[in-house]
Each structure stands twice: as structure tokens, then as C-alpha cells.
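Engineer:
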Amino acid sequence: MLNVHDLSVSFQGEYLFDGVTFRLGDGDRVGLIGKNGAGKSTMLRILSGEQEYDTGQIATDKETTLGFLKQDIDFVEGRTVLEESYQAFETIQKLERELEEINTQLATRTDYESEGYHDIMVALTDVQHQYELHGGYNYQGETERILLGLGFKREDFNKITDTFSGGWRMRIELAKLLLQDNDVLLLDEPTNHLDIESIIWLEGFLKGYRGAVVIVSHDKMFLDNVTNRTIEISLGRIYDYPKPYTEFLELRKDIKEKQLAAQKNQQKEIERTEKLVEKFRAKASKASMAQSLIKKLDKIERIEVDEDDNSVMTLNFPVSVVPGKVVIEAGSISKSYGDKQVLRNIDLLIERDSKTAFVGQNGQGKSTLAKIIVGDINYEGSLKLGHNVQLGYFAQNQAEYLDGNKTVLDTMIDAANEKNRSKVRDILGAFLFRGEEVDKYVRVLSGGERNRLALAKLMLQPFNVLVMDEPTNHLDIKSKNVLKDALKRFEGTLILVSHDRDFLQGLTNVVYEFKDHKIREYLGDVDFYLEQREITNLRDVEKTDKKAIKKEEPKEAKSYDVQRKQKSLSNRLSKVESQIASLEREIKAIDAKLQQDYDATVAQVNFFDKYQSKKKQLEKLMEEWGKISEEMEAL
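Residue 529 in this note's numbering sits at position 205 of the sequence shown, and the numbers go up by one each step.
1) Going by DSSP, what residues sit across from N721 in a beta bridge?
2) How far does the alpha helix (DSSP H) with I370 in it extend, from its first residue to its last?
3) What ranges does the alpha helix (DSSP H) occupy inside the segment 482-541, keeping only unbroken runs of at least 4 residues that lie completely in it?
4) Where V328 and I674 are concerned, what is the direct C-alpha to C-alpha distance, given to the nearest angstrom?
5) Under DSSP, the beta strand (DSSP E) around H329 begins and ends at which residues?
6) Would you list the one or two residues that DSSP bridges to L960?
7) Threshold first: 4 residues or longer. Then list the alpha helix (DSSP H) segments lying entirely within the segment 535-611, N to C.
8) Which one of S937, G361, I562 and A927 has the shortest CA to CA distance from L799?
9) Please classify H517 as buried or exposed, where buried requires at least 16 neighbouring CB atoms within 10 angstroms.
10) Is it buried or exposed for E954, if we count other Cβ within 10 angstroms and need 16 for buried?
11) Among the candidates F546, Q615, V344 and E479, whose CA atom is the shortest distance from the CA of I562?
12) Taking the alpha carbon of K418 as the reference point, which residue from V550, G460 and L782 has its own alpha carbon closest?
13) Can you tell me whether DSSP reads D727 as helix, strand or coil?
14) Indicate the three-state DSSP secondary structure (helix, strand or coil) for Q381 in the structure shown.
15) Tell me which residues share the same chain as Q375 and place their Cβ nearer than 7 Å to its Cβ, disregarding the 5 neighbours each side in the sequence.
16) May I have a chain-ordered list of the alpha helix (DSSP H) segments no shorter than 4 residues that lie completely inside the segment 397-465?
17) Identify whether F341 lies in helix, strand or coil by the three-state DSSP scheme.
18) How is the beta strand (DSSP E) around Y853 delimited, first residue to last?
19) By a C-beta neighbour count over all protein chains shown, 10 Å radius and 16 as the cutoff for buried, is L811 buried or exposed?
20) When you compare each of E704, T817, K620 and G687 to V645 by their alpha carbons, which one comes out closest?
21) Under 7 Å Cβ to Cβ from M783, same chain only, skipping five residues before and after it: list those, please.
22) Residues in the same chain with beta-carbon distance under 7 Å from I873, minus the five sequence neighbours each way, listed in chain order, please.
23) Note the first and the last residue of the continuous alpha helix (DSSP H) segment covering I697.
24) Along the chain, where does the beta strand (DSSP E) that runs through V834 open and close?
25) So does the segment 401-411 actually touch the segment 519-537, counting three or more Cβ pairs closer than 8 Å?
26) R469 by DSSP, collapsed to three states: which one?
27) Starting from I657, trace the beta strand (DSSP E) both ways and give me its first and last residue.
28) So T832 packs on K679, CB below 8 Å; how close in whole Å?
29) Would E602 be called buried (16 or more neighbouring beta carbons within 10 Å of its own) or exposed?
30) Taking the alpha carbon of K567 as the reference point, which residue from I557, G560 and D548 has its own alpha carbon closest?
31) Check whether the Cβ atoms of P795 and L820 lie closer than 9 Å to each other.
32) Whole-angstrom Cβ separation of T735 and K808, contact assumed at under 8 Å?
33) Taking 8 Å as the cut-off, does the segment 418-431 touch the segment 500-513 (at least 3 CB pairs, one atom from each stretch)?
34) With a cut-off of 8 Å, do at least 3 Cβ pairs link the segment 820-830 to the segment 654-673?
35) What do you reckon, are the CB atoms on D450 and Y441 nearer than 9 Å?
36) DSSP on E1003, reduced to helix/strand/coil?
Spelled out as C-alpha cells, the structure:
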């Protein structure tokens with residue numbers, strides 16, 4: 325279907341990738357992965373024909389059609405959602421115009437017996453047949469089905485696209501691509517602007533897609549659920565395996581370990597042969613043998629170990645000054661957008677050094693409350709910042725605020741002040757913008773590089789309370805891990821809006837669930853929250869509940885002392901649960917050894933004493949867990 329052979333692309337004298345070869349066929353659902361700036365979006369632009377390449381060949385079958393979802397899109401103003409979506413059907417719309425023209429002629433003519441009238445009737449039959457063949461009688465229903473699947477409501481269909489945010493416009497563009505039924509579908513970060521329900525719907529759609537799909541995404545679960553093949557771009561090479569993302573990582577690790585072992589054995593053999601050469605070279609009688617060994621060495625094909633690009637940004641969030649104990653106190657916060665109520669009478673107390681997660685379905689007010697806290701939007705109610713509070717804010721669309729006509733360096737210099745202007749290059753270097761890369765224009769940066777630049781820019785302002793709204797959008801998986809580690813070390817107060825469970829795990833100690841205009845507090849990390857909700861992942865939280873939900877009675881506001889005690893108990897509970905899990909793993913491992921080799925295991929010094937000691941310790945921890953749980957329930 326699509327063949328790439330010996331493809332090479334360079335920028336400013338350096339190869340982005342060199343000698344790349346692969347083939348796409350029907351049913352291939354490829355996850356295209358790699359660090360930010362490795363060339364993933366460039367590869368998609370080249371495959372789509374939007375960008376030139378230096379050397380190599382890209383060949384496709386004559387009839388192959390291709391659709392490309394880009395990160396940046398342009399819209400024609402004045403069209404409704406349906407009108408814009410119908411642009412996917414150029415042939416059908418052309419046939420509709422022909423049908424309209426023919427029907428207009430038929431309505432004005434009365435020469436029913438003439439040859440001209442007969443020709444028009446023949447043309448009508450032919451166009452109607454073509455219209456039917458191209459799905460002209462079904463496309464409107466199919467368009468509505470796709471739009472509903474991507475989160476639009478029927479009342480949105482006739483609204484002008486100009487009134488929608490960039491994220492919703494991206495959904496319309498995605499709908500158009502899915503409706504075109506192309507042979508090859510290129511998707512650049514398709515999940516960035518989708519809520520969980522829409523992501524799950526898209527997963528189901530792509531699993532049944534008959535053509536080839538190439539997806540650039542940093543959503544591990546999405547890649548695992550959709551793809552059956554992974555191509556990694558790293559240091560100018562590609563690694564191509566018929567496995568989804570997580571299985572690919574395990575396979576790559578296994579292959580690299582085998583390469584290292586083989587390389588080590590080969591090196592030993594080379595060193596042994598070299599010693600023999602040196603030994604025989606000194607003796608005239610052995611000179612011919614030495615030459616034979618040298619030729620043997622020259623013929624050896626040296627085993628190479630796949631290189632990994634382990635360069636990652638360096639990230640630390642320093643605290644400006646120590647604020648008061650209560651950093652944010654909100655009362656009766658309400659917010660509506662026109663007729664749509666998002667938040668109603670929200671009370672919120674955020675204490676110094678707390679790490680808080682906002683979770684819940686899209687559209688329930690998580691980002692809205694974050695914007696209210698940082699003073700970005702108006703609201704009803706009261707909000708008070710504590711003594712010495714300095715806010716840092718990373719918006720969901722933070723990268724969109726960057727000026728594409730400025731260079732990376734100019735962007736930072738313009739945001740700096742007299743005190744930190746001299747540190748700009750050091751900060752950029754820590755975020756992997758080094759050498760000539762600082763002279764790149766923002767408009768040519770990938771989505772991940774823009775996010776890194778926005779994070780670097782954030783470092784130029786003082787803060788002790790950090791509000792971050794979906795900061796991992798566009799970041800590669802290694803950068804996500806670096807950001808998570810930095811937030812763990814952050815000694816200030818954190819408020820984090822995210823639907824990424826992997827990212828949230830171990831990062832926060834309070835979770836607020838947003839639902840039905842209200843928020844509900846869970847005093848623990850995201851795993852504790854999911855356990856309380858009796859679900860396994862955040863996707864289940866963010867699905868719309870189709871069943872009737874019994875409305876809970878509003879609870880009385882808790883006193884500060886009660887909240888503090890609950891937090892203390894929650895921390896103790898988490899610690900005990902961690903100890904229990906660790907002991908259970910140790911006991912399970914011992915039980916497995918007993919089954920494998922009983923005699924050798926029990927022969928260990930003081931085996932039974934240690935074994936029984938672990939079991940008694942586990943019983944004590946279980947008792948402690950029960951007591952703490954009872955205390956929490958009593959509160």
C-alpha cells in the first residue's frame with residue numbers, strides 16, 4: 325500500500341533520520357513513538373506529501389488515498405459544524421450540485437418529447453446512480469454518528485465553528501478524516517483534545533479500520549489498546565516490531581540485553597585472538613599463523629548494540645517564599661457559561677504544601693476552577709489567597725500563547741527580568757534547547773518542544789503555589805517522568821488537573837472529583853480514590869454514567885481540625901497499606917520457593933523463625949489498618 329525506502333531527512337546539516345525503510349499494509353495500526361523532536365511529526369508530514377525529503381523513495385499504489393490530522397489546522401470561517409464536516413464528501417457535494425442544476429432545468433422545461441429533454445433525463449439517471457454509489461443517501465447519518473461519537477451534541481450541529489475552541493475544531497477535523505474512509509490515516513496526537521468517552525469511542529473505531537493507521541501519541545493506554553505495531557524513531561534510526569507499545573518496550577529491552585551479551589562474548593573472543601597475534605608475531609615460525617589470525621579479525625562483523633537517546637530535560641521547581649498555612653480559601657464559587665452551569669456553590673480549602681488532583685469527566689469544571697484560582701476568569705462567590713501566596717500557572721493550551729514569529733531565545737529573553745536574564749541560556753539548556761536550537765522559530769517546533777519551552781518560561785517567574793492543567797499533553801514519555809519527579813520534589817503547593825493515572829500515581833495526597841457542578845474530596849492519592857469509587861482506572865470515572873444516579877445529600881463543611889486529622893489518618897493508612905503490600909510480596913515469594921525446592925529453602929539458617937516473624941508482622945499491620953479505617957469512618 326505504502327512503501328518507504330532508504331529515506332533521509334536533514335536539518336541544518338544534521339540528519340533527523342537516515343536510511344529509514346518500512347512498509348504499511350492493510351490492517352497495520354502503527355504507533356510512531358520517540359522523544360520530542362525525534363522527527364515523528366516530520367515523518368507524518370513527509371508521508372502525507374506536505375514536506376520534502378533529501379533522499380530515498382516513497383511509493384504508493386495508484387488508487388491509495390491518504391488523510392492527515394495535523395496539530396495545527398486552519399478553518400474557513402462562517403460554516404456550521406455540519407457544513408464543515410460535509411467537506412469530507414467532495415465528490416458527493418459535487419454530485420449534489422449537478423443534481424440541483426439538472427432538477428432546475430427539468431422544472432423550467434416543458435418540451436417533454438424533445439431529444440434535449442431525453443438527454444437531461446439520461447444525465448439525471450447517471451448522476452443519481454453515481455450519487456448512490458458514493459453513499460449520497462447515507463453520508464448525513466454517518467456524519468452525525470461520527471460527531472456524536474466524538475462528543476458533540478445534536479444542538480451543536482448547526483452552530484458556527486468560529487464559536488468553538490481549538491480543541492473542538494480539532495474534533496471536527498478528525499471527524500472529516502474518519503468520514504473520508506482513506507486507505508492510510510495519519511494521526512498526530514489525536515487524543516490531546518478528547519475526553520475519555522471520545523477516546524474510548526475512537527479506540528473502537530480505529531480497531532475496526534480496514535486501512536493502515538499511523539498514530540503519534542504519548543498516551544500509553546491508547547497505544548496499547550489500538551496499535552498492533554510500533555515504530556520508534558531514535559537517533560536517526562527506526563526500530564520496527566509487530567507489537568503494541570508496552571510489549572514493544574519489553575521486546576526491545578530483551579533484544580538489547582541479548583545484543584549486550586553477544587557483544588561481550590564477541591569482545592572476549594577478539595581479545596583472545598589479539599593476544600595470540602601478539603604472541604605469534606614475535607616468532608618467525610609462527611608469522612604465517614599471526615597473519616591468518618589478523619585476516620580472521622578483519623572479517624569479523626562487529627556486533628552493535630542499539631543506541632538509546634537518553635537525553636532528558638532537567639527540571640526543578642524552586643519555591644519563592646514560604647506562604648501562610650492556608651493558601652487558598654474559596655466559598656460558594658459558581659460559574660456559568662451562558663445557560664450552561666459548570667460550578668455551583670463550591671467550597672474549597674487548600675493548605676500549604678498539599679498536593680491536590682482535580683479529576684472527573686471533561687466539561688465538569690476542573691479547568692474552570694483552575695482558571696478561577698489564578699484569576700483568569702470572572703465568577704460568583706469569594707476566593708481568598710493566603711499570606712505571601714505567589715501563583716504559577718501552566719494552562720492546558722499554554723503552548724498556544726507562544727509567539728510563532730519569535731525564536732526560542734527571544735521568547736525567553738522577553739519573559740525574563742533583570743535578575744534572571746543572564747540565566748536564560750542555562751535554563752534553555754536544561755530543557756534540551758542547546759546550541760543552534762535556541763535560534764529556531766517557535767512556529768517550527770513540535771508540540772512537545774513547545775510544551776518544554778512553556779515550562780522553561782514558567783521557571784522565570786517566582787511561585788510557591790503551582791497550578792497545572794494537563795501539563796503532559798504533547799510531552800514524550802521520558803519527559804513526563806522527568807516532570808513527575810520534579811513535581812514530587814517540589815516543596816510548595818501543587819494543584820494538578822489530569823486524567824493520566826500513571827502520572828498522578830504517588831504524586832498527590834488529596835483528590836477532588838468534579839461531578840454534577842459539585843466537588844467531592846478524597847483524602848488520599850489517586851489509587852485510594854479509585855479504590856473508594858470501586859473502579860480500576862480514571863477512564864471509568866470519566867465515562868458518562870448512563871444509569872440514574874441517586875443524588876447525595878449535601879454534607880456539612882468539615883472543620884479544619886477534622887480535615888487535618890483525616891489527612892493524618894489517610895497518610896498513616898497509605899503507609900500501612902504500602903507495608904502490607906511489600907510483606908505480602910515477600911511471603912508470596914517464599915511460598916513459591918517452598919513449592920520449587922522445599923528442602924533447600926527450609927535448610928536456610930533460622931528459616932521458620934524468619935518466616936513466622938513475617939506472618940506475625942503482617943497480622944499486626946492488618947490489625948492496625950483496621951483500626952485506622954475505623955477511625956476514618958468515625959470521622
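Quick reminder that beta carbons are idealized off the backbone N, C-alpha and C, glycines included.
Structural biologist: Taking the definition as stated:
1) The partner list for N721 (beta bridge, DSSP) is empty, contrary to what the question assumes.
2) K364 to S372
3) 490-504 and 520-531
4) 54 Å
5) L326 to F335
6) Because the chain spans 325 through 959 in this model, residue 960 falls outside it and cannot be assessed.
7) 544-550 and 569-605
8) G361
9) buried
10) exposed
11) V344
12) G460
13) coil
14) strand
15) T366 and R369
16) 405-409, 414-432 and 439-457
17) strand
18) Where Y853 is concerned, there is no enclosing beta strand (DSSP E), although the alpha helix (DSSP H) it sits in stretches over V850 to Q856.
19) buried
20) T817
21) I751
22) Because the pLDDT at I873 is just 38, under 50, the model does not fix this residue reliably, and the value given afterwards should be weighed accordingly. Nothing meets the Cβ criterion.
23) K690 to I697
24) V834 to K839
25) no
26) helix
27) V650 to Y661
28) 4 Å
29) exposed
30) D548
31) yes
32) About 25 Å separates the two Cβ atoms, so there is no contact after all.
33) no
34) no
35) no
36) Coverage of the chain is limited to positions 325 through 959, which leaves residue 1003 absent and any answer about it impossible.
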